[in-house]
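A.B. asks: Here's a structure for you.
Protein chains: 2
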Amino acid sequence: MKIHVLAQKTGLTPPTIRYYEKEGLLTIRHVVRGENNYRDYTEEAVEHLQFIKRVQKVGFTLMEIKAVMEEKKGSKLEISRSIELLREKMIEMDSRKLELEQAQALLSRMLANKRALLKEKG
Amino acid sequence: MKIHVLAQKTGLTPPTIRYYEKEGLLTIRHVVRGENNYRDYTEEAVEHLQFIKRVQKVGFTLMEIKAVMEEKKGSKLEISRSIELLREKMIEMDSRKLELEQAQALLSRMLANKRALLKEKG
DNA sequence: ATAAACTATAAAGTATACTTTAAGGTCAAG
DNA sequence: CTTGACCTTAAAGTATACTTTATAGTTTAT
Chain A
2 MKIHVLAQKT GLTPPTIRYY EKEGLLTIRH VVRGENNYRD YTEEAVEHLQ FIKRVQKVGF
62 TLMEIKAVME EKKGSKLEIS RSIELLREKM IEMDSRKLEL EQAQALLSRM LANKRALLKE
122 KG
Chain B
2 MKIHVLAQKT GLTPPTIRYY EKEGLLTIRH VVRGENNYRD YTEEAVEHLQ FIKRVQKVGF
62 TLMEIKAVME EKKGSKLEIS RSIELLREKM IEMDSRKLEL EQAQALLSRM LANKRALLKE
122 KG
């Protein structure tokens, strides 16, 4: 499929998709070039970009995503490294959940204060 | 207290603290100037910077923090705006927790795959 | 066949949140 | 009374993740 189709399917823009490719987040499994030099994307690209969006939202940088990505082809050492990275990230995500809950408690108190303030004034 | 003391207490650096001030995140309640033009921080500044760190970690931008900050002095309209912002943020944080959990499930599967791969090879 | 809509590249620009640099003033210790 | 550790400012630099711009080739529709 062409870039704008992939863009529609993933909710990204063509420049963003090209940027990701430039940064090494898309491989031969995701894009090839046609005769006209246009990019031709596989179905795997759709899933892959959705994966990127999802983990990026929870705090992975593009470089971390790239590091974790190197899957099938990796040597034992590379796999071990990405397991290590994944484990660290899981722990990081646990603390992030905790931080979120603590911050929510904090904001909830602020919200109550502000509502009280508004009642006072209004 | 002087800037490096505040820095130690909060785990920030003096340039970062000055930067926050420049961006309007510190007020008269947090800093005043001494005769020598040195900044003199109140205890409230410690708490405030800790607050900033905490909510920033969960996705607030500095400008959002600034918007929520305007507390005591706010007009009814300003209070209403910051209540609205806080409510949006609470909802956003709920989805973020969900995203975290979904991403963890995803990573957990990836981790299992990689471990299996390692076992195969090793 | 020509205009609109798409594709390509490289390079510059943007936003956020800092950090670093440069150049200088102030203060405490020996 | 000077040395070293602090303080000040303004401005430039950095990292991340894009977006925008400029320039040009290709495809699709009428």
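Going line by line, the protein sequences match chains A and B. Quick note on my numbering: the first sequence kicks off at 2 and runs consecutively. Quick note on my numbering: the second sequence kicks off at 2 and runs consecutively. Virtual Cβ for every residue (Gly too), placed ideally from N, Cα, C.
Considering just the uninterrupted stretch of the alpha helix (DSSP H) at Y21 of chain B, what are its terminal residues?
C.D. replies: Residue mapping note: residue 21 of chain B aligns to position 20 of the second sequence, counting from 1. 15-23 is the span of the alpha helix (DSSP H), which, as asked, contains Y21 of chain B.
A.B. asks: Assuming P15 of chain A contacts H5 of chain A (C-beta within less than 8 Å), just tell me the rounded distance between them.
C.D. replies: Locating residue 15 of chain A in the first sequence gives position 14, where the first residue counts as 1. Locating residue 5 of chain A in the first sequence gives position 4, where the first residue counts as 1. With 8 Å as the limit, P15 of chain A and H5 of chain A qualify as a contact, their Cβ atoms being about 6 Å apart.
A.B. asks: Could you tell me if the beta carbon of V47 of chain B falls within a distance shorter than 8 Å of some heavy atom in the ligand HEM?
C.D. replies: Among the ligands in the structure shown, none appear at all, so the ligand HEM cannot be discussed.
A.B. asks: Listing by chain order, which chain A residues have their CB less than 7 Å from the CB of R116 of chain B?
C.D. replies: In the second sequence, residue 116 of chain B corresponds to position 115, counting from 1. By Cβ distance, chain A contributes I84.
A.B. asks: Is L87 of chain B close to chain A, meaning its C-beta is less than 9 Å from at least one C-beta of that chain?
C.D. replies: Counting from one through the second sequence, the residue named residue 87 of chain B turns up at place 86. It does; some Cβ of chain A falls within 9 Å.
A.B. asks: Between the segment 15-46 of chain A and chain B, which residues of the former have CB atoms less than 9 Å from a CB of the latter, in chain order?
C.D. replies: Residues: none.
A.B. asks: Along the chain, where does the alpha helix (DSSP H) containing V131 of chain A start, and where does it finish?
C.D. replies: With chain A covering only 2 through 123, there is no way to say anything about residue 131 of chain A.
A.B. asks: Measuring straight from C-alpha to C-alpha, what distance separates A68 of chain B and G123 of chain A?
C.D. replies: Here residue 68 of chain B refers to the residue found at position 67 when the second sequence is read from its first residue. Here residue 123 of chain A refers to the residue found at position 122 when the first sequence is read from its first residue. If you take the alpha carbons of A68 of chain B and G123 of chain A, they lie about 21 Å apart.
A.B. asks: Ignore the nearest five residues each way along the sequence and tell me which others in I66 of chain B's own chain have a CB closer than 7 Å to its CB.
C.D. replies: Locating residue 66 of chain B in the second sequence gives position 65, counting from the first residue. Contacts found: L26, I53, V56, Q57.
A.B. asks: Does the distance from the CB of M91 of chain B to the CB of L99 of chain A come in under 9 Å?
C.D. replies: For this step, residue 91 of chain B is matched to residue 90 along the second sequence. For this step, residue 99 of chain A is matched to residue 98 along the first sequence. Cβ distance not < 9 Å, so M91 of chain B and L99 of chain A don't count as in contact.
A.B. asks: Return the Cβ separation of T11 of chain B and V47 of chain B in integer angstroms, given the expectation that the two are a contact with Cβ distance under 8 Å.
C.D. replies: On the second sequence, residue 11 of chain B is found 10 positions in, with the first residue counted as 1. On the second sequence, residue 47 of chain B is found 46 positions in, with the first residue counted as 1. Contact holds; Cβ gap of about 6 Å.
A.B. asks: Under 9 Å between beta-carbons, which chain A residues line up against E71 of chain B? List them in chain order, please.
C.D. replies: Sequence index remark: in the second sequence, residue 71 of chain B carries index 70 (1-based). Under the 9 Å cutoff, chain A gives no residues; its nearest Cβ is about 10 Å from E71 of chain B.
A.B. asks: Please determine, among B:E85, B:L119, B:E121, B:A117, the residue with the shortest C-alpha to C-alpha distance to R116 of chain A.
C.D. replies: In the first sequence, the residue the question calls residue 116 of chain A occupies position 115. Closest by alpha carbon: B:E85.
A.B. asks: Tell me which same chain residues have a C-beta within less than 6 Å of the C-beta of E102 of chain B, skipping the five on either side of it?
C.D. replies: Working through the second sequence from its first residue, we reach residue 102 of chain B at position 101. Answer for E102 of chain B: no residue qualifies.
A.B. asks: Mapping the DSSP letters down to three states, classify R40 of chain B as helix, strand or coil.
C.D. replies: Residue numbering aside, residue 40 of chain B sits at position 39 when the second sequence is read from its first letter. The answer is strand: DSSP assigns R40 of chain B an E or B state.
A.B. asks: Have a look at G60 of chain B and E36 of chain A and give me their C-alpha separation to the nearest angstrom.
C.D. replies: On the second sequence, position 59 is the one that residue 60 of chain B refers to. On the first sequence, position 35 is the one that residue 36 of chain A refers to. In a straight line, the C-alpha of G60 of chain B is about 44 Å away from that of E36 of chain A.
A.B. asks: Flag this pair as yes or no: are the beta carbons of L13 of chain B and L50 of chain B separated by less than 9 Å?
C.D. replies: Counted from its first residue, the second sequence places residue 13 of chain B at position 12. Counted from its first residue, the second sequence places residue 50 of chain B at position 49. Yes, Cβ-Cβ distance for L13 of chain B and L50 of chain B is below 9 Å.
A.B. asks: Are L7 of chain A and Y42 of chain A touching if we call contact CB-CB under 9 Å?
C.D. replies: Here the question's residue 7 of chain A lines up with position 6 in the first sequence. Here the question's residue 42 of chain A lines up with position 41 in the first sequence. Yes, the pair counts as a contact, with Cβ atoms nearer than the cut-off.
A.B. asks: DSSP three-state call for V56 of chain A: helix, strand or coil?
C.D. replies: Looking up residue 56 of chain A in the first sequence gives position 55. Helix, per DSSP.
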